[in-house]
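Participant:
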Amino acid sequence: MTAGSTESLGEQAAARSALIRGDLSGAERLCARAVAADAGQGWAWLLLTETALLRERVDAAVKSAERAVALLPRNPLAHILQAKCLLLSGEAAAARGAAESAALRVGTSAEALDALGAIFGLLGQHARARQLCERAVAAQPQVPQYLFNLAATERALGELAAAESHCDAAIAGAPRFSLAHYLRADLRTQTADHNHLAELGRLLEAGGLPAADEIALRFAFAKELEDLGEHARAFEQVTRGCALQRRSMTYDAGAEIAAIDRIIATQDRATLARIAAAGDCEANPVFVTGLPRSGTTLVERIIAAHGGMTAIGESGAFAAELRHGLPQLGPRYMAAAAAWSSGVPGRLLDKTLPNYLHCGLIRAVLPRARIILVRRDPLDSCWALYKAHFQGKFAFSYDQAELAEYFLAFRRLAHHWRATLPADALLEVQYEELVADPAVQSRRVSDFLGLRWREEVLRFHESALPSATASAVQVRRPVHRDSVGRWRPHADGLKVLRERLAREIPPEELAPPR
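Counted from 1, the sequence shown has number 315 at position 315 by this note's numbering; the numbering is strictly sequential.
#1: Where do the N-terminal and C-terminal ends of the beta strand (DSSP E) with residue 428 fall, by residue?
#2: Using CA atoms only, rank isn't needed, just tell me which of 130, 75 and 129 is closest to residue 104.
#3: Would you list the one or two residues that DSSP bridges to residue 420?
#4: On a Cα-Cα basis, can you pick out the residue from 500, 300 and 123 that is closest to residue 94?
#5: Among all the DSSP beta bridges, which residues are the ones paired with residue 310?
#6: Between 140, 217 and 276, which has its C-alpha nearest residue 175's C-alpha?
#7: Could you check which residue in 192, 73 and 401 has the C-alpha nearest to that of residue 257?
#8: Starting from the C-beta of residue 88, find all residues in its chain whose C-beta is less than 7 angstroms away, skip the five residues before and the five after it, and write them out in chain order.
#9: Using C-beta distances below 8 angstroms, list every residue in its chain close to residue 40, excluding the 5 sequence neighbours before and after it, in chain order.
#10: In this structure, how does DSSP classify residue 515 when only helix, strand and coil are distinguished?
#11: Grouping DSSP H, G and I as helix and E and B as strand, with all else coil, what is residue 289?
#12: Where does residue 153 land, buried or exposed, given buried means 16+ other C-beta within 10 angstroms?
#13: Does DSSP classify residue 411 as helix, strand or coil?
#14: Could you say which of 109, 206 and 28 lies nearest to residue 55 if we only look at CA atoms?
#15: Is it true that the region 347-357 meets the region 300-318, where meeting means three or more beta-carbon pairs spaced less than 8 angstroms apart?
#16: When we look at the beta-carbon of residue 424 and count the other beta-carbons within 10 Å, is it buried (16 or more) or exposed?
#17: Could you give the residue range of the beta strand (DSSP E) that holds residue 373?
#18: If distances are taken between C-alpha atoms only, which option among 110, 162 and 156 comes closest to residue 138?
#19: Can at least three beta-carbon pairs, one atom from the region 209-227 and one from the region 239-250, be found at a separation below 8 angstroms?
#20: Runs of 4 residues minimum, wholly inside the region 142-190: which ones carry the alpha helix (DSSP H) assignment?
#21: Does residue 415 pass the burial test, meaning 16 or more other C-beta atoms within 10 Å, or should it be called exposed?
#22: Rounded to the nearest angstrom, how far is the Cβ of residue 182 from that of residue 389, given a contact under 8 angstroms?
#23: Does DSSP put residue 393 in a helix, in a strand, or in coil?
#24: Under the three-state reduction of DSSP, which class applies to residue 387: helix, strand or coil?
#25: How far does the alpha helix (DSSP H) with residue 126 in it reach, from first residue to last?
#26: Note the first and the last residue of the continuous alpha helix (DSSP H) segment covering residue 482.
#27: Do residue 300 and residue 311 count as a contact pair if the criterion is CB distance below 8 angstroms?
#28: Report yes if the C-beta distance between residue 225 and residue 197 is below 8 angstroms; otherwise report no.
#29: Between residue 291 and residue 385, how many whole angstroms is the CB-CB distance? I'm expecting something under 8 angstroms.
#30: If you count every other CB in all the chains shown that lies within 10 Å of the CB of residue 266, and 16 or more means buried, which is it?
#31: Does DSSP classify residue 22 as helix, strand or coil?
#32: Evaluate contact between the region 360-369 and the region 266-278, counting only Cβ atoms and requiring at least three cross-stretch pairs below 8 angstroms.
#33: Please report the distance separating the alpha-carbon of residue 488 from that of residue 83.
#34: Going by the CB atoms, is the gap between residue 44 and residue 31 shorter than 8 angstroms?
Okay, structure coming up:
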């Protein structure tokens with residue numbers, strides 16, 4: 001080995017060590033020095049891809065990943081990181097191609113197997129993800145992260161007992177593994193005889209946790225407390241978790257509300273008609289949309305139980321293609337959505353939540369599309385959002401005042417789409433009506449979509465269809481009304497939220513009779 005190659009290995013080890021410590025700047029300096037001396041050092045481009053992803057600089061990550069793959073064509077991690085970059089940039093078809101390239105090269109490395117499993121999970125291919133994660137765990141069963149990733153895929157596939165067992169194993173190896181605690185708490189309804197309150201309480205009392213870990217543990221603790229009917233303690237943990245999450249984020253609530261109001265002001269019938277006149281698309285996909293935790297997954301499962309439907313989950317494909325402009329948006333969306341279907345034929349069913357922002361454009365560029373907008377009781381909807389651990393997503397949900405403003409903006413937008421779109425484009429489904437009479441409401445949905453009625457849709461919970469959403473556990477049960485009125489024990493604590501909503505929402509809508 002030459003002196004130069006020895007120096008390169010030393011730089012590589014130092015840069016990797018800095019990355020592991022969280023010293024992104026130090027890792028980047030070492031990589032930049034390495035590529036300045038020799039731009040053909042693939043390891044440096046690989047690490048620069050990782051640091052760019054951690055800094056959420058997706059465009060920079062894509063470019064670094066391209067260099068890494070070109071220089072390290074046999075390295076599965078280079079292809080895996082490229083797949084992740086492409087997926088984050090909305091290029092699902094290209095991401096899938098990169099993942100397939102990685103699969104050809106993955107070999108027996110537990111690190112590569114686990115990372116590729118995570119990518120296939122993000123691509124909605126959960127059975128394949130499980131196989132890879134199982135191989136990673138078999139190779140190195142003592143690594144908590146591998147056990148956790150396996151548990152996450154099992155949750156998506158409805159294998160809840162196995163997921164809990166692997167969470168237990170991950171926590172046994174890493175007692176402060178906060179996301180494993182949160183996942184485990186969510187896998188079932190906790191009972192007085194079988195819960196983790198003491199364990200979670202000890203971890204939080206000991207302190208010394210990074211903010212992200214404390215947040216996850218507080219949401220896990222709150223979930224188990226609520227399961228056991230300890231509502232005051234549960235609300236305290238939710239509030240503390242939300243406050244810590246909000247402090248750790250940079251978020252302009254006013255800008256997000258203004259963006260919704262601009263949609264309402266600018267996407268009127270005339271404007272949408274002009275967009276529609278520029279082209280047509282024969283496809284007839286189905287979109288299910290609404291706020292998180294409002295019942296969208298339940299509606300998706302009911303529709304997917306019909307024959308001939310191909311559920312692609314939360315693809316994000318429409319917004320990704322919209323970033324490239326309006327020309328040929330309909331056909332481009334359909335091509336991108338096909339990458340999420342794994343080649344399975346059938347009418348596409350897309351349950352991307354933020355598509356409520358795009359209902360008008362969806363109808364304009366896909367005039368045969370059908371959109372289901374799911375609504376829920378305002379206070380139940382907001383409480384469900386407030387208590388959910390979205391890991392920083394849905395930034396509006398961590399402060400009661402901001403949550404109230406966003407919910408009101410969503411309500412204005414829903415009213416706008418109702419007034420603007422034709423009756424054959426949009427159907428609103430009220431969650432409470434669906435769980436009160438699932439047969440009637442399911443028939444209503446089927447008729448709107450032009451689907452022949454099938455009794456099997458009422459047994460949606462028996463479906464093997466994967467689900468990686470926050471409601472993945474709940475939809476394994478038959479329709480129930482357990483979630484109706486869940487806000488009521490927390491009425492006093494939700495005073496800020498309730499008072500703001502009450503200024504715009506009629507009393508009969510805000511707090512209907514029990």
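Positions of the beta carbon are idealized from the N, C-alpha and C atoms, including for glycine.
Facilitator: Working from what's here:
#1: Counted as a single uninterrupted DSSP element, the beta strand (DSSP E) harbouring residue 428 occupies residues 426-430.
#2: If you compare the alpha carbons of 130, 75 and 129 with that of residue 104, the shortest gap goes to 75.
#3: Answer is none; residue 420 lacks a bridge partner.
#4: Closest by alpha carbon: 123.
#5: In DSSP, residue 310 forms a bridge with 348.
#6: With distances taken between CA atoms, residue 175 lies nearest to 217 out of 140, 217 and 276.
#7: The candidate whose alpha carbon is nearest that of residue 257 is 401.
#8: The residues are 58.
#9: Around residue 40, the same chain offers 71 as residues with beta carbons nearer than 8 angstroms, after the five sequence neighbours per side are excluded.
#10: In the structure as shown, the chain begins at 1 and stops at 514. Residue 515 is therefore absent and cannot be evaluated.
#11: Correct three-state label for residue 289: strand.
#12: Residue 153 is buried by the Cβ-count criterion.
#13: Residue state, collapsed to three classes: helix.
#14: Considering only 109, 206 and 28, the residue with the shortest C-alpha distance to residue 55 is 28.
#15: Output reads yes: the region 300-318 touches the region 347-357.
#16: Exposed, because fewer than 16 other Cβ atoms sit within 10 Å of the Cβ of residue 424.
#17: From DSSP, the beta strand (DSSP E) with residue 373 extends over 370-375.
#18: For the options 110, 162 and 156, the alpha carbon positioned closest to that of residue 138 is the one of 110.
#19: Yes, since at least three Cβ pairs between the region 209-227 and the region 239-250 fall closer than 8 angstroms, the two stretches touch.
#20: With a minimum length of 4 residues, the continuous alpha helix (DSSP H) runs that stay inside the region 142-190 are 144-156, 160-173 and 178-186.
#21: By the neighbour-count rule (16 or more Cβ atoms within 10 Å), residue 415 is not buried but exposed.
#22: Confirmed, Cβ separation roughly 6 angstroms.
#23: Correct three-state label for residue 393: coil.
#24: In this structure, residue 387 counts as coil in the three-state DSSP scheme.
#25: DSSP places residue 126 inside the alpha helix (DSSP H), whose first and last residues are 126-139.
#26: Looking at the DSSP string, residue 482 is not in any alpha helix (DSSP H), and its letter there is neither H nor E.
#27: For residue 311 and residue 300, yes; Cβs fall inside 8 angstroms.
#28: With contacts defined as CB atoms closer than 8 angstroms, residue 225 and residue 197 qualify as a contacting pair.
#29: The pair is a contact, with the Cβ atoms about 7 angstroms apart (cut-off 8 angstroms).
#30: The residue in question, residue 266, is exposed, as its Cβ has fewer than 16 Cβ neighbours within 10 Å.
#31: Here residue 22 sits in coil by DSSP.
#32: Contact between the region 360-369 and the region 266-278 is present: 3 or more CB-CB pairs across the two stretches fall below 8 angstroms.
#33: C-alpha of residue 488 to C-alpha of residue 83: approximately 45 angstroms in a straight line.
#34: Yes, the pair counts as a contact, with Cβ atoms nearer than the cut-off.
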